[in-house]
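Report on the following structure.
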Amino acid sequence: MEVNNVVEEWRDIKGYQGKYQISNTGKVRSLNYHREGRIKELIPKDCRGYLQIGLTKKGKKRFYAIHRLVADSFIGNGDGKQVNHKDLNKKNNNTENLEYVTARENTIHAIQNGRFDSSSQQLHEANEKRKIGVLAVKNGIVSRFTSIREASRKLSIDRKQIKQSLQNKYPLAKGYRFFYVAGGD
Numbered sequence: 001m002e003v004n005n006v007v008e009e010w011r012d013i014k015g016y017q018g019k020y021q022i023s024n025t026g027k028v029r030s031l032n033y034h035r036e037g038r039i040k041e042l043i044p045k046d047c048r049g050y051l052q053i054g055l056t057k058k059g060k061k062r063f064y065a066i067h068r069l070v071a072d073s074f075i076g077n078g079d080g081k082q083v084n085h086k087d088l089n090k091k092n093n094n095t096e097n098l099e100y101v102t103a104r105e106n107t108i109h110a111i112q113n114g115r116f117d118s119s120s121q122q123l124h125e126a127n128e129k130r131k132i133g134v135l136a137v138k139n140g141i142v143s144r145f146t147s148i149r150e151a152s153r154k155l156s157i158d159r160k161q162i163k164q165s166l167q168n169k170y171p172l173a174k175g176y177r178f179f180y181v182a183g184g185d
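Sequential numbering of the sequence shown, starting at 1, is according to full-length UniProt numbering.
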């Protein structure tokens with residue numbers, strides 16, 4: 001099929017081979033026996049407006065960002081880099097519109113194109129500076145730090161892991177459980 005002079009190509013989604021496919025234009029179709037080749041509806045799932053899709057495997061549904069699936073399937077492995085929409089349109093998930101960039105490059109691109117949200121940056125900076133507590137699960141020792149950055153430096157744990165623990169995405173980070181200190185004290 002041809003979409004806007006682009007020949008649509010389909011590839012299996014990694015981890016869902018034979019069940020779901022993604023196209024180079026950002027469409028997803030199911031290949032299961034109930035709905036052969038049915039194009040699935042994309043939904044703006046997250047608060048930032050990125051299109052996502054819910055894929056089911058062994059009865060469990062998991063959501064994936066469309067731009068990430070397209071990039072992984074057609075551009076290759078980004079080695080931990082972010083996927084940038086060149087034209088800033090989060091709904092344009094065509095392969096030609098996507099590229100892997102570092103977080104810094106992505107921020108610069110947003111600033112240069114007037115899309116930088118200073119309020120989200122201020123929120124990020126405020127969260128970085130909130131006082132946190134940490135419980136060493138192994139020995140029960142509780143410590144306090146003035147910021148995520150300080151805890152990261154002193155415990156040699158990546159800030160991203162600490163943030164994920166604080167958000168309960170992964171309760172433990174290298175044997176530590178992190179929590180915000182009430183009232184910041």
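For glycine and all other residues, C-beta sits at the position ideal for the given N, C-alpha and C.
Run of the alpha helix (DSSP H) containing residue i, from where it starts to where it stops
i           : result
V142        : Element bounds for V142: not the alpha helix (DSSP H) but the beta strand (DSSP E), 142-145.
residue 249 : Within the shown structure, residues of the chain are numbered from 1 to 185, placing residue 249 beyond reach of any answer.
V70         : 66-70
I111        : 103-112
I162        : 159-166
Continuous beta strand (DSSP E) stretch holding residue i: start and end
i    : result
V28  : 28-30
R177 : 176-180
D12  : 10-12
V134 : 132-136
Test item: CB-CB of residue i and residue j under 7 Å
i    : j    : result
N84  : N106 : yes
Y176 : V134 : yes
L51  : I66  : yes
R29  : S73  : no
F178 : I132 : yes
A151 : F145 : yes
G49  : K90  : yes
I22  : L98  : no
N94  : T25  : yes
Strand pairing of residue i, partner residues [DSSP]
i    : result
H85  : L98
Y50  : DSSP output for Y50 lists no bridge partner at all.
I22  : R11, V28
R115 : Note: R115 sits in no beta bridge, so no partner.
K61  : T56
Neighbourhood of residue i by C-beta distance below 6 Å, restricted to the same chain and skipping five residues each side
i    : result
Y100 : G78, K81
G76  : none
L166 : F178
K61  : G54
I157 : A173, K174
Cut-off 8 Å between Cβ atoms - residues of its own chain near residue i, not counting five sequence neighbours on either side
i           : result
K154        : F145
N168        : none
D185        : Residue confidence for D185 is low, a pLDDT of 44 falling below 50, so the modelled location carries little weight; the figure read from the coordinates is stated next. Only K131 meet the Cβ criterion.
Y16         : L55, K57
residue 190 : Nothing about residue 190 can be read from this structure; the chain reaches only from 1 to 185.
Beta-carbon proximity list for residue i, same chain, < 7 Å, skipping 5 on both sides
i    : result
V181 : K131, I132, G133, R144
K138 : G175
A71  : G78, V83, L98, Y100
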